[in-house]
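Under this note's numbering, the residues of the sequence shown are numbered 9 to 45, in order. Just so it is clear, CB atoms sit at the ideal spot from N, CA and C, and this is done for glycine as well.
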Amino acid sequence: PIELHSPAEIHLTNLASGRTFSAGRINYDVLAASFFG
9 PIELHSPAEI HLTNLASGRT FSAGRINYDV LAASFFG
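Written as structure tokens, this is what we have:
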């Protein structure tokens, strides 16, 4: 997978079907660096 230097995890829900699609993961190292340098 491509590392985009993003600490993101996203969940999208289709309102018509109720299905939820998830992608990504929380990158705790990048998240900490964004707060503490």
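Q | Endpoints, the alpha helix (DSSP H) within which LEU39 is located | A | As a first step, residue 39 must be located in the sequence shown, where it is residue number 31. Per DSSP, LEU39 belongs to the alpha helix (DSSP H) from 36–44.
Q. Could you give the distance in angstroms between the alpha-carbon of PHE29 and the alpha-carbon of LEU39?
A. Reading the sequence shown from its first residue, position 21 is the one you call residue 29. Reading the sequence shown from its first residue, position 31 is the one you call residue 39. Their Cα atoms are separated by approximately 22 Å.
Q.
For the beta strand (DSSP E) containing GLY26, name the first residue and the last one.
A. Looking up residue 26 in the sequence shown gives position 18. First-last for GLY26: undefined, no H or E at that position.
Q: May I ask you to list the residues that DSSP assigns as paired with ALA16?
A: Within the sequence shown, numbered from 1, the residue matching residue 16 stands at position 8. According to DSSP, ALA16 bridges with nothing at all.
Q. Among GLY32, ALA41, SER42, LEU23, which has the Cα closest to the Cα of GLU17?
A. Sequence index remark: in the sequence shown, residue 17 carries index 9 (1-based). Here the closest residue by C-alpha is GLY32.
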